[in-house]
Amino acid sequence: MQEENVNRRSISTLEAQKILKKNGVDLSEKKTEEVLDLMYFFAKLIVDQYFKNEDSRLVHKGKHGRTG
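The numbering used here puts the sequence shown at residues 63 to 130.
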C-alpha cells in the first residue's frame, strides 16, 4: 500500500471489514486492505479520466454563450 493513500482515506480497514461482514463478506484484515486499495485505485482512475476527458463531453459551452 502506498503511504500517501493512507492519509487520504476516509474509512479504516476495520470499518470496511465491519461493513463487508454486515453484508455477508467475511475477509481477513489483509484481504480487506487489498479490497480498499483496489477501490481507491478505481476511484482515482475514474476521477482522473473524468477530468482528462472534460473537453470531450457531449455538450460544450457554446462559442456565443448559448449552451452551458
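The beta-carbon is built from N, C-alpha and C at its ideal position, and this holds for glycine as well.
Would you call the CB atoms of residue i and residue j closer than 7 angstroms?
i	j	result
residue 75	residue 95	yes
residue 132	residue 100	The first residue shown for the chain is 63 and the last is 130, placing residue 132 beyond what the model contains.
Can you give me the start and stop residues for the alpha helix (DSSP H) that residue i sits inside?
i	result
residue 88	No alpha helix (DSSP H) contains residue 88, which DSSP labels as neither H nor E.
Comparing C-alpha positions only, which one of the options sits nearest to residue i?
i	options	result
residue 92	79, 86, 84	79
residue 72	86, 105, 84, 113	105
Excluding the 5 residues flanking residue i on each side, which residues of the same chain have their C-beta closer than 6 angstroms to its C-beta?
i	result
residue 98	78
Suppose the cutoff is 7 angstroms on Cβ atoms and the five residues either side in sequence are ignored; what does the same chain contact list for residue i look like?
i	result
residue 108	none
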